[in-house]
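Engineer:
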Amino acid sequence: MPVDTKQMISDHLTALLMKKNLEDITVKNLVEDCRISRQTFYYHFQDLTDVIQWKIHQEIQRSLQNSLKAESLEESIRFFTSGADRNRQLLKNLLDSPRRAEMERLLVKALRSYLKELFSRQFCGAPITGADLEALLCFCSYGMMGMLLEETSSKTAADKQLLTEQLCRLLTGEMFRLPRQS
Numbered sequence: 001m002p003v004d005t006k007q008m009i010s011d012h013l014t015a016l017l018m019k020k021n022l023e024d025i026t027v028k029n030l031v032e033d034c035r036i037s038r039q040t041f042y043y044h045f046q047d048l049t050d051v052i053q054w055k056i057h058q059e060i061q062r063s064l065q066n067s068l069k070a071e072s073l074e075e076s077i078r079f080f081t082s083g084a085d086r087n088r089q090l091l092k093n094l095l096d097s098p099r100r101a102e103m104e105r106l107l108v109k110a111l112r113s114y115l116k117e118l119f120s121r122q123f124c125g126a127p128i129t130g131a132d133l134e135a136l137l138c139f140c141s142y143g144m145m146g147m148l149l150e151e152t153s154s155k156t157a158a159d160k161q162l163l164t165e166q167l168c169r170l171l172t173g174e175m176f177r178l179p180r181q182s
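Mapping of the sequence shown onto full-length UniProt numbering: residues 1 to 182, in sequence order.
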């Protein structure tokens, strides 16, 4: 059975990131942990950030595939929030590094692509212009990332169900609807 070297490198970096912050990890540490040559590493990735970007992309794709099988928007969002919760310590260690701004940009970009695909499937046929879609994606990706970052930085895990429900109501606009007056 062939070894997926990219996945193996990513898994080892993830394991290292569970123990220490990004700035404490070098390519040398990673290749020693993987028991591969530096040449093999550089054949697959440019640097550690490239590995992280690939890992985030893989996680987003996994969440997206699960989300697209969901029967409701709430179930789709639950897949995403569960993935974020599963990777809570990894996210915390990435964001506790001096490269926080870079890591946030990577995460927002990945979330934006996730939401774009999710919106195109969940709200297909909705009358929205390209400019409005871009504004919605920008607002939602930064807003959701802010909520997830807040949850990640807190000492206790948030109520995942409540977070899922709130995100769902925000994305559908339900949170802002005024009750009908008779």
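Don't be surprised by glycine CBs; every beta carbon is placed ideally from N, CA and C.
Note that the coordinates shown come from a computational prediction; the quantities given were computed from them, not determined experimentally.
Since LEU106 contacts ILE52 with CB under 8 Å, what's their CB separation in whole angstroms?
Structural biologist: Confirmed, about 7 Å.
Engineer: Whole-angstrom Cβ separation of residue 192 and ILE56, contact assumed at under 8 Å?
Structural biologist: Because the chain is modelled from 1 through 182, residue 192 falls outside the range shown and cannot be assessed.
Engineer: Could you name the residues of the same chain whose beta carbon sits closer than 6 Å to that of SER63, not counting the 5 residues immediately before and after it, in chain order?
Structural biologist: Once the five neighbours on either side are set aside, the close Cβ partners of SER63 are PHE79, PHE80, GLY83.
Engineer: Between THR5 and THR40, how many whole angstroms is the CB-CB distance? I'm expecting something under 8 Å.
Structural biologist: Indeed they touch by this definition, with Cβ atoms about 7 Å apart.
Engineer: According to the neighbour-count rule (16 or more other Cβ atoms, all chains shown, within 10 Å of its Cβ), is MET144 buried or exposed?
Structural biologist: Buried, by the Cβ-count rule.
Engineer: Alpha carbon to alpha carbon, how far is LEU133 from ARG35? Give it in angstroms, no decimals.
Structural biologist: Taking the straight line from one Cα to the other gives about 46 Å.
Engineer: State the Cα-Cα distance for the pair LEU148 and LEU163, rounded to the nearest angstrom.
Structural biologist: Using only the alpha carbons, I get a separation of about 9 Å.
Engineer: When we look at the beta-carbon of SER72 and count the other beta-carbons within 10 Å, is it buried (16 or more) or exposed?
Structural biologist: It counts as exposed.
Engineer: Comparing alpha-carbon positions, which option in LEU94, LEU171, SER97, ASP33 lies nearest ALA135?
Structural biologist: For ALA135, the nearest C-alpha among the options comes from LEU171.
Engineer: Looking only at its chain, what residues have a beta carbon closer than 8 Å to the beta carbon of GLU23, apart from the 5 residues adjacent to it on each side?
Structural biologist: So the list reads SER97, PRO98, ARG99, once near-sequence residues are dropped.
Engineer: Starting from LEU115 and walking both ways along the alpha helix (DSSP H), at which residues does that stretch end?
Structural biologist: LEU115 -> alpha helix (DSSP H) spans 100-122.
Engineer: Rounded to a whole number of angstroms, what is the C-alpha to C-alpha distance between GLN46 and ASP33?
Structural biologist: Rounded to whole angstroms, GLN46 to ASP33 spans 18 Å at the Cα level.
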